[in-house]
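The opening residue of the sequence shown carries number 97 in the numbering used here; numbering runs sequentially from there. A short worksheet on the structure shown next.
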Amino acid sequence: VIMLGVEVVEKEAFMNCPALTDVECGKLEIIKYGTFGDCESLRSINLLSTKIVEECAFADTGLTEATFGSKLETIEEGAFYSCPALERITIPLKDGLITHDNTFQGCENLKHVDLVEGPIHETIAALQLEEWRNDMNEEIDSINQILPDTDAGSRWNDDYHDDDVGEKAQAVQLWIRLVLSRIICYKA
């Protein structure tokens, strides 16, 4: 699917498209509820202009990698629910980015979070002491040490609604706050 001029993809627009493998979006800002849900052949996305990923936008997909840009403001409830193949996500460092604890529920293989290149890396490079730079780089990489052993929670099934949302979203939320507070401390 090529949507170079599209800014908003409506609710469930491509839901249940098992043959959908690639999405190319030049200006996509808002991905509505369930837009790419159940697209089991969708493997990677590169959505640098996206600002909002609504509820269940990529639920039950075959995604292994998701890359967002610095414009990303919100990833809503269950956005990546039950994406067991998802291994890596690239996001900006923004507090409040992930709005719910179930954002990565059922994403057992999510092990890497990368930061969008930009201001945070420039700030770290500008820190006066090498010890501070090393500490910040270790803090940034700490999420990739934590996530592999963090519970992803159970996936729901038709007979049973499971409240076990896991801890991956919580770990990412806490990590973002820690990195931001540490950089504020060093900048001061």
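Note that CB positions come from ideal geometry on N, CA and C, so glycine has one too.
For the beta strand (DSSP E) holding residue i, just list the boundary residues, first then last.
i       : result
Glu-235 : Segment 226–242 is the alpha helix (DSSP H) holding Glu-235; no beta strand (DSSP E) there.
Ser-277 : Here Ser-277 belongs to no beta strand (DSSP E); instead the alpha helix (DSSP H) covers 264–283.
His-196 : Premise fails: His-196 is in no beta strand (DSSP E) and is neither H nor E.
Asp-210 : 208–211
Terminal residues of the continuous alpha helix (DSSP H) containing residue i?
i       : result
Glu-359 : The shown model of the chain, from 97 to 284, leaves out residue 359, and the question about it has no answer.
Using alpha carbons as the reference points, say which of the options lies closest to residue i.
i       : options                               : result
Ile-127 : Pro-114, Val-275 and Val-104          : Val-104
Ser-178 : Ile-171, Asp-191, Gly-192 and Asp-156 : Asp-156
Gly-319 : Asp-118, Ser-166 and Val-261          : Because residue 319 is not part of the residues shown, which for the chain are 97 to 284, the question remains open.
Asn-233 : Leu-116, Gly-249, Ile-279 and Ala-181 : Ile-279
Gly-262 : Asn-205, Arg-229, Glu-226 and Tyr-282 : Asn-205
Ile-171 : Ala-181, Gln-224 and Gly-192          : Gly-192
Ala-267 : Leu-138, Phe-200 and Val-102          : Phe-200
Cys-281 : Cys-203, Gln-241, Arg-229 and Thr-246 : Arg-229
Pro-114 : Phe-154, Gly-101 and Asp-231          : Phe-154
Arg-139 : Gln-224, Ala-181, Leu-100 and Thr-246 : Ala-181
Gly-202 : Lys-107, Gly-101, Asp-247 and Glu-150 : Asp-247
Lys-107 : Leu-100, Gly-101 and Ile-148          : Ile-148
Output needed for residue i: all residues of its chain with C-beta closer than 7 Å, excluding positions within five of it in sequence on either side, in chain order.
i       : result
Leu-189 : Leu-211, Ile-216, Ile-272, Val-275 and Leu-276
Ile-236 : Leu-211 and Val-275
Asn-142 : Thr-163
Excluding the five sequence neighbours on either side, which residues of its own chain have a C-beta within less than 8 Å of the C-beta of residue i, listed in chain order?
i       : result
Cys-152 : Tyr-129, Gly-130, Gly-133, Glu-173, Gly-174, Ala-175 and Tyr-177
Ser-145 : Cys-121, Gly-122, Lys-123, Leu-124, Glu-125, Gly-165 and Lys-167
Asn-112 : Gly-133, Asp-134 and Cys-135
Val-209 : Arg-184, Ile-185, Thr-186, Ile-187, Ile-239, Asn-240, Leu-243, Val-268 and Trp-271
Among residues of its own chain, excluding the 5 on either side of residue i, which ones have a beta-carbon nearer than 6 Å to its beta-carbon?
i       : result
Pro-244 : Lys-207
Glu-120 : Ile-98
Asp-260 : Gly-249 and Ser-250
Lys-283 : none
Thr-117 : Ser-137
Ala-265 : Ile-194, Asp-197, Thr-199 and Phe-200
Ala-109 : Thr-131
Margin query: Taking 8 Å as the cut-off, does the segment 216–231 touch the segment 192–201 (at least 3 CB pairs, one atom from each stretch)?
Written below: no
Next item on the list: Can you check the segment 107–193 for any beta strand (DSSP E) of at least 3 residues that lies completely inside it and give the ranges in chain order?
Entry: For the beta strand (DSSP E) assignment, the uninterrupted runs of no fewer than 3 residues enclosed by the segment 107–193 are, from N- to C-terminal side, 140–143, 161–164 and 184–187.
Notebook entry, point to check: Is the segment 157–164 touching the segment 172–190, taking contact as three or more C-beta pairs under 8 Å?
Noted result: yes
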